[in-house]
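Per my numbering, the sequence shown starts with residue 388, numbered consecutively. All C-beta atoms, glycine included, are put in the ideal place defined by N, C-alpha and C. Structure first, then comments.
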Amino acid sequence: MAENKIYLAIGEEAVRGAKESAAVGFIPLLNPGIPKMEFDDKRRKEFRGEDSLKGDTTALRFSQKWSASVEMPFFTEAGSVKGSVGTVLKHFFGHATSAQEALTGQYRHMMYPVADPFAASAIGTKALTLNLNINEGSVMKNWPFVGGRVKSIAFAQEAGNSLKVSAELFGQKKDVVTASIAGAVFPAENLRCDYNNLKVYTGALTRVGAGPDYTDFTFAGAVQIKPDKISVKIENGMEDLLRLSGLDYPDKTRMGQFKVSFEMTVDWEDPASGFSSIAEFNSWTASNGSTNFCLYWDTGTQAGTGGNHGLYIDLPVMQRSGGNPDYSLNKDPMITLKYEGLYDSAVTKYMMGVLLKNTAATV
Numbered sequence: 388m389a390e391n392k393i394y395l396a397i398g399e400e401a402v403r404g405a406k407e408s409a410a411v412g413f414i415p416l417l418n419p420g421i422p423k424m425e426f427d428d429k430r431r432k433e434f435r436g437e438d439s440l441k442g443d444t445t446a447l448r449f450s451q452k453w454s455a456s457v458e459m460p461f462f463t464e465a466g467s468v469k470g471s472v473g474t475v476l477k478h479f480f481g482h483a484t485s486a487q488e489a490l491t492g493q494y495r496h497m498m499y500p501v502a503d504p505f506a507a508s509a510i511g512t513k514a515l516t517l518n519l520n521i522n523e524g525s526v527m528k529n530w531p532f533v534g535g536r537v538k539s540i541a542f543a544q545e546a547g548n549s550l551k552v553s554a555e556l557f558g559q560k561k562d563v564v565t566a567s568i569a570g571a572v573f574p575a576e577n578l579r580c581d582y583n584n585l586k587v588y589t590g591a592l593t594r595v596g597a598g599p600d601y602t603d604f605t606f607a608g609a610v611q612i613k614p615d616k617i618s619v620k621i622e623n624g625m626e627d628l629l630r631l632s633g634l635d636y637p638d639k640t641r642m643g644q645f646k647v648s649f650e651m652t653v654d655w656e657d658p659a660s661g662f663s664s665i666a667e668f669n670s671w672t673a674s675n676g677s678t679n680f681c682l683y684w685d686t687g688t689q690a691g692t693g694g695n696h697g698l699y700i701d702l703p704v705m706q707r708s709g710g711n712p713d714y715s716l717n718k719d720p721m722i723t724l725k726y727e728g729l730y731d732s733a734v735t736k737y738m739m740g741v742l743l744k745n746t747a748a749t750v
């Protein structure tokens with residue numbers, strides 16, 4: 388029987404294109420995640436005294452690049468280099484503020500979009516290496532894909548499942564294949580974000596600290612929502628360009644506009660207290676108004692005395708964008724409510740903020 392082994396180790400490059408295969412964090416995969424290599428091979432079209440009708444004689448390779456769609460269960464830390472999960476998020480947003488809680492000892496990492504992610508104060512010259520360890524027959528090898536950028540991330544949570552994260556990446560080239568990275572260490576199971584760790588809030592939540600670098604979120608005055616499933620998709624519009632720079636792969640990443648969309652499937656009801664999906668639907672039909680959401684996964688596993696590993700997603704201004712109730716003869720009606728993010732220039736200074744709590748000093 389053929390071998391069937393794949394695992395991913397993510398490294399952060401100090402300089403884009405210089406692979407990082409030593410300081411890496413191991414992350415489980417939900418799909419094979421093998422990057423797609425793309426080459427621009429052009430047939431030579433030149434008059435060289437030959438009978439051209441007999442066919443082209445040569446093909447030339449002009450450029451290369453790669454892209455990847457990686458699906459993984461979300462853990463608050465990676466194996467080995469623990470901050471690697473947060474590193475992927477940081478490279479999407481372009482910014483992370485990390486600090487240690489004085490009372491609990493846990494670390495917090497607040498991330499949100501910045502206008503210039505490649506400034507020295509942001510990620511600067513850094514990029515990601517996807518070290519895909521894969522069997523070639525019975526021999527394990529490491530395929531390092533260097534110069535990685537993260538252009539979109541999607542969070543999907545359904546009842547009865549773990550939180551699934553899908554990341555769309557692109558990069559420069561596949562570097563030289565080497566021996567596999569030995570000693571793979573994967574995250575502990577109690578650091579997994581599961582459906583029963585999640586609470587969804589709207590309304591008067593409290594953001595602790597000075598924005599946008601908030602240190603915590605509390606929900607004493609907020610309203611909890613209990614949907615069947617939720618999804619958050621974020622895009623940054625990143626695009627890689629091939630320039631006249633002496634290289635045969637893209638060396639310039641240009642930014643686009645940040646976008647956030649949110650959906651949740653919930654009961655079609657109007658309770659006496661709490662969240663009313665009917666009132667939310669009626670608010671959408673009455674005006675193009677907005678609301679807010681905050682998602683909080685609390686793993687229940689301590690990252691410090693009195694502080695747990697966890698993930699917060701803050702969506703401060705979400706414009707209602709529709710969703711019709713779904714009626715059926717054999718079940719209660721449901722509705723999938725849809726929202727699009729707006730930049731909150733007045734309060735948070737972001738369209739979306741992510742706070743990750745763990746034991747990693749940096750991401």
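In or out: R495 buried (at least 16 other Cβ within 10 Å) or exposed? Under this definition R495 is a buried residue.
Nearest-angstrom Cα separation, counted from E523 out to Y582: Rounded to whole angstroms, Y582 to E523 spans 37 Å at the Cα level.
For D427, count neighbouring Cβ atoms within 10 angstroms of its own Cβ and tell me buried if that reaches 16, exposed if not. Residue environment: D427 is assigned as exposed (fewer than 16 neighbouring CB atoms within 10 Å of its CB, all protein chains considered).
First through last residue of the beta strand (DSSP E) which encompasses I414: For I414, the uninterrupted beta strand (DSSP E) segment begins and ends at 411 to 414.
For the putative contact between I414 and A465, defined by C-beta atoms under 8 Å, what is the C-beta separation to the nearest angstrom? 5 Å between Cβ atoms; contact.
Could you check the C-alpha separation between K718 and E656 for me, to the nearest Å? Each residue's Cα considered, the two are about 13 Å apart.
Could you pull the DSSP bridge partners for V537 from this structure? According to DSSP, V537 bridges with L556.
Pair within 9 Å by beta-carbon distance, M651 and I617: In contact: M651 and I617 (Cβ atoms closer than 9 Å).
Once DSSP output is grouped into helix, strand and coil, what is the label at V475? In the structure shown, V475 falls within a helical segment according to DSSP collapsed to helix, strand and coil.
Contact belief for L417 with K551 at Cβ below 8 Å, rounded distance in angstroms: The beta-carbon separation of L417 and K551, rounded to 6 Å, stays under the 8 Å limit for a contact.
Just to confirm before moving on: does the CB-CB distance between K513 and E433 stay below 9 Å? Not in contact: K513 and E433 (Cβ atoms no closer than 9 Å).
Buried or exposed: where does Q644 fall if 16 or more other Cβ atoms within 10 Å of its Cβ makes it buried? Exposed: under 16 other Cβ atoms inside 10 Å.
Going along the chain, which residues of its own chain have a beta-carbon closer than 7 Å to the beta-carbon of A546, five neighbours each way excluded? Around A546, the same chain offers Y582, D615, K616 as residues with beta carbons nearer than 7 Å, after the five sequence neighbours per side are excluded.
Residues in the same chain with beta-carbon distance under 7 Å from V610, minus the five sequence neighbours each way, listed in chain order, please. Sequence-distant partners of V610 (beyond 5 residues in either direction) whose C-beta falls short of 7 Å from its own C-beta, in its chain, are Y588, T589, G590, G661, F662.
Assumed close pair L743, G473 - CB separation to whole angstroms, cut-off 8 Å: Contact flag correct, Cβ pair sits at about 5 Å.
State the DSSP-derived secondary structure class of Y582, mapped to helix, strand or coil. Here Y582 sits in helix by DSSP.
Which of helix, strand or coil does DSSP assign to E667? Here DSSP, grouped into helix, strand and coil, assigns E667 to helix.
Out of D503, S539, K561, M527, which one is the CA nearest neighbour of G404? When each option's Cα is compared against that of G404, the closest is K561.
Give the C-beta separation of R536 and L556 to the nearest angstrom, bearing in mind that I take them to be a contact with Cβ-Cβ under 8 Å. Between L556 and R536 the Cβ distance is about 6 Å, and since that is below 8 Å, they are a contact.
Report the option in G492, V457, V734 whose CA atom is closest to the CA atom of P422. By alpha-carbon distance to P422, the top candidate from G492, V457, V734 is V457.
Let me know the secondary structure DSSP gives T672 once reduced to three states. Under the three-state reduction of DSSP output, T672 falls in the helix class.
Give me the residue from D638, V468, D654 with the minimum Cα distance to I722. Minimum Cα distance to I722 is reached at D654.
Can you tell me which of A541, S567, D443 puts its alpha carbon nearest to the alpha carbon of S553? For S553, the nearest C-alpha among the options comes from A541.
Assuming Y726 and S674 are in contact, meaning their beta carbons sit under 8 Å apart, how far apart are those beta carbons, in whole angstroms? Wrong, their Cβ atoms sit about 14 Å apart, outside the cutoff.
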